[in-house]
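Trainee: This is the structure I have questions about; it appears just below.
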Amino acid sequence: MLDLKYLRKNQEVARQKLADRGVQSDVLADLLAADQKRRDVIAKVEELKAKRNEASDKIAFAKRQKEDASAAIQEMQAVAKEIKDLDQELEGLDKVVKDQAAHLPNIAEDDVPVGPDEEANVEIRTWEPEDYQGRPLVKTEAPAWLKPHYEIGEDLGILDFERGAKVSGARFLYYVGDGARLERALYNFMLDQHHEEGYTEMITPIVVNDSAMFGTGQYPKFQDDAYRVEGLNQTYIPTAEVSLTNYYSGETIPAEDLPISITALSPSFRKEAGAAGRDTRGLIRLHQFNKVEMVKFAKPDQSDQELEKMTNNAENILQKLGLPYHVITLSTGDMGFSAAKTHDLEVWLPAQGMYREISSVSNTRDFQARRMHITYRNEDGKLELVHTLNGSGLAVGRTVAAILENYQNEDGTVTVPEVLRPYLGGQETLQATPHH
RNA sequence: GGAGCUAUGGCACAAUCUGGUACUGCAGCGGACUCGAAAUCCGUCGAGCCGUCUUAUGGCGGUGUGCGGGUUCAAAUCCCGCUAGCUCCUCCA
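What follows is the structure in structure tokens.
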């Protein structure tokens, strides 16, 4: 949520910044008009309440003296009615203002490229492994024998989309045998890396309440994409960002503890409501997928730096796995709702001949903290909102896809990246093995 | 799932039956005493949020006794709903 006072005082800048995020200019005008009306009513009702408090004191005093106060009481009955009406009007205006404010996206930091969509994203660096060991190079044509990850996965008998669809529905799958072991090896590797980098590992609830979903910005605007638990005000998390970031909701964090870094593996559930027909095959777009998430809480003057660190933490995973990728800064039009600045990591998928998002690292500044009321006490002893950051480190299913394509061999086997071998009992290749 | 109990400042508690300035202690802050400290004494102390004036700190008003409603001139107090914690029962990996 944006700061109403900021919007009031910086209307022109805010209007432009929101326009960059695709918000029509009359949205802000409407909000501020409602806010003005709201404040007018507050002034009126508070004056009456001050009068009532004064009269109540007098009545109480009179009663103690055993005097008759019925005239004053009668007079206050009318005031009470007036207060009640105004309070009701205020409640309505409050709702309008809060609801409109809750639907506004974060505004972008000044160094974020301005543009309507992903075309305006800016590549800031690329990384490729030094030793390709005969693997297909980035931006070269893949050899004819190279299969997309879902084909090699099915051929090896380690990914079973058909039975996933049978038992659950489209965009669900079973990992089988070495597939399941590879996935497990990957997220153990990722968590171990983050542990070494100072993140505190957590296992979080994967069903959260509405206020948690509101806190990180999924609600109220994006309810359509969420798996809600029927009959309960609870939702299966679309990302552990929700459960991790809300860990401190409503709390004041001791300043000396900041920055705080936490991480968790969790399944993520998404309806992918707007993605009908896109990426219908494979591990790229599922209703349920595993993801290792990183979250940080930082002082305002630390958060820029922490965003870069977190991006590096995600890159470290890809580098150790030897997967080629590039880092892009998302444009104002392509960023997520809560983000003020986002770096995406996109991994090279040779069979598709393109980069695909495998991690998204964002600084939301105080946008989420304002919704969740997470504060710390600054040097002056004043409460101030913390900054929150989140990033994938990494999306595990997409990492499996990247390994199956980048480490695929001509004989239909897949080489296991060296760093994962200790997690697989030293196994060096994935090959078709009969089971069941 | 069922029953009972509990929820008040940073902490511990009083006021709830009987509606009328939310008590007290500890901690904190300021001061006295002291070479200094402890002890003692005096003073101060509702965090946060909202509005408004002033903007350097601040003043005034509103709100604020777990959360949301209701009754009333007035609610910590009475009524209804909810949440969390504890105890017991039930169930269970």
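Taken in order, the first sequence gives residues 997 to 1432; the numbers are from the numbering used here. A virtual CB, placed ideally from N, CA and C, is assigned to each residue, including glycine.
Assuming Phe1363 and Met997 are in contact, meaning their beta carbons sit under 8 Å apart, how far apart are those beta carbons, in whole angstroms?
Mentor: Confirmed, Cβ separation roughly 6 Å.
Trainee: To the nearest angstrom, how far is it from the Cα of Gln1096 to the Cα of Asp1220?
Mentor: 18 Å
Trainee: Using C-beta distances below 8 Å, list every residue in its chain close to Ala1076, excluding the 5 sequence neighbours before and after it, in chain order.
Mentor: Arg1048
Trainee: Count Cβ pairs between the stretch 1028-1038 and the stretch 1083-1102 that sit closer than 8 Å; are there 3 or more?
Mentor: yes
Trainee: Would you mind working out which of Lys1305, Leu1381 and Asn1184 sits nearest Pro1418, comparing C-alpha positions?
Mentor: Asn1184
Trainee: Start and end of the beta strand (DSSP E) containing Lys1292?
Mentor: Gln1284 to Ala1294
Trainee: Between which two residues does the alpha helix (DSSP H) containing Asp1393 stretch?
Mentor: A small fix is needed here, since residue 1393 is Gly in this sequence, not Asp. Start and end: Val1392 to Asn1402.
Trainee: With C-beta atoms as the reference, is Asp1340 less than 9 Å away from Asp1113?
Mentor: no
Trainee: Starting from Gln1230, follow its DSSP beta bridges and name the residues at the other end.
Mentor: Asn1205 and Val1225
Trainee: My guess is that Gly1390 and Val1410 are in contact by the Cβ rule of under 8 Å, so how many angstroms apart are they, rounded?
Mentor: It should be noted that the sequence gives Leu, not Gly, for residue 1390. Contact flag wrong, Cβ pair sits at about 18 Å.
Trainee: At which residues does the alpha helix (DSSP H) containing Thr1122 begin and terminate?
Mentor: Per DSSP, Thr1122 is not a residue of any alpha helix (DSSP H); the beta strand (DSSP E) it occupies stretches across Val1118 to Trp1123.
Trainee: Counting only the same chain and skipping the five closest in sequence on each side, list residues whose C-beta sits under 6 Å from that of Thr1395.
Mentor: Leu1182
Trainee: Less than 9 Å between the beta carbons of Glu1247 and Ile1370, yes or no?
Mentor: Less than 9 Å divides the Cβ of Glu1247 from the Cβ of Ile1370.
Trainee: Could you give the DSSP three-state label for Met1350: helix, strand or coil?
Mentor: Reduced to three states, the DSSP call for Met1350 is strand.
Trainee: Determine, using beta carbons only, whether Asn1117 and Thr1259 come nearer to each other than 9 Å.
Mentor: no
Trainee: For Gly1421 and Gln1315, what's the separation of their Cα atoms in angstroms?
Mentor: 22 Å
Trainee: Once the 5 residues before and after Arg1361 are set aside, which same chain residues still bring their CB inside 6 Å of it?
Mentor: Ala1336 and His1383
Trainee: Between the alpha carbons of Leu1317 and Ile1280, how many angstroms are there, rounded?
Mentor: 18 Å
Trainee: Assign Pro1263 to one of three DSSP states: helix, strand, or coil.
Mentor: strand
Trainee: Specify whether the stretch 1151-1160 and the stretch 1347-1362 touch according to this definition: at least 3 beta carbon pairs, one from each stretch, less than 8 Å apart.
Mentor: no
Trainee: Rounding to the nearest angstrom, what Cα-Cα distance links Gly1273 and Ile1202 in this structure?
Mentor: Taking the Cα positions, Gly1273 is about 27 Å away from Ile1202.
Trainee: Return the CA-CA distance between Val1412 and Val1009, expressed in angstroms with no decimal places.
Mentor: Inter-residue distance for Val1412 and Val1009 is about 52 Å (C-alpha atoms, whole angstroms).
Trainee: Mind checking whether Thr1231 and Asp1206 have CB atoms under 9 Å apart?
Mentor: Judged by beta-carbon spacing, Asp1206 lies within the 9 Å limit of Thr1231, meaning their Cβ atoms are closer than that value.
Trainee: Short of 7 Å in beta carbon distance, which residues of its chain neighbour Glu1124, apart from the five on each side in sequence? Order them along the chain.
Mentor: Val1134 and Pro1320
Trainee: Is His1145 closer than 9 Å to Glu1401 when the C-beta atoms are compared?
Mentor: yes
Trainee: Pick helix, strand or coil for Thr1328, following the three-state DSSP scheme.
Mentor: coil
Trainee: Return the CA-CA distance between Asn986 and Asn1308, expressed in angstroms with no decimal places.
Mentor: Absent from the model: residue 986. The displayed extent of the chain is 997 to 1432, so no value can be given.
Trainee: Can you name the start and end residues of the beta strand (DSSP E) that Thr1307 belongs to?
Mentor: Not the beta strand (DSSP E): Thr1307 falls in the alpha helix (DSSP H), residues Ser1299 to Leu1317.
Trainee: Would you give the residue range spanned by the beta strand (DSSP E) that Leu1345 belongs to?
Mentor: Residues Lys1337 to Leu1345.
Trainee: Quick one, are the C-beta atoms of Lys1217 and His1099 less than 9 Å apart?
Mentor: Yes, these two residues count as a Cβ contact at 9 Å.
Trainee: Given a cut-off of 9 Å on the beta-carbon distance, is the pair Thr1241 and Gly1194 in contact?
Mentor: It is not a contact, given that the beta carbons lie outside the stated cut-off.
Trainee: Quick one: what's Thr1411 bridged to in DSSP?
Mentor: Thr1425
Trainee: Reducing DSSP to helix, strand and coil, say where Asn1374 ends up.
Mentor: DSSP places Asn1374 in coil when its eight states are reduced to three.
Trainee: Between which two residues does the alpha helix (DSSP H) harbouring Thr1196 extend?
Mentor: Premise fails: Thr1196 lies in the beta strand (DSSP E), Thr1196 to Met1198, not in any alpha helix (DSSP H).
Trainee: Please classify Pro1250: is it buried, with 16 or more other beta-carbons within 10 angstroms of its beta-carbon, or exposed?
Mentor: Exposed: under 16 other Cβ atoms inside 10 Å.
Trainee: The beta strand (DSSP E) spanning Leu1381 covers which residue range?
Mentor: Note, Leu1381: beta strand (DSSP E), Leu1379 to Leu1381.
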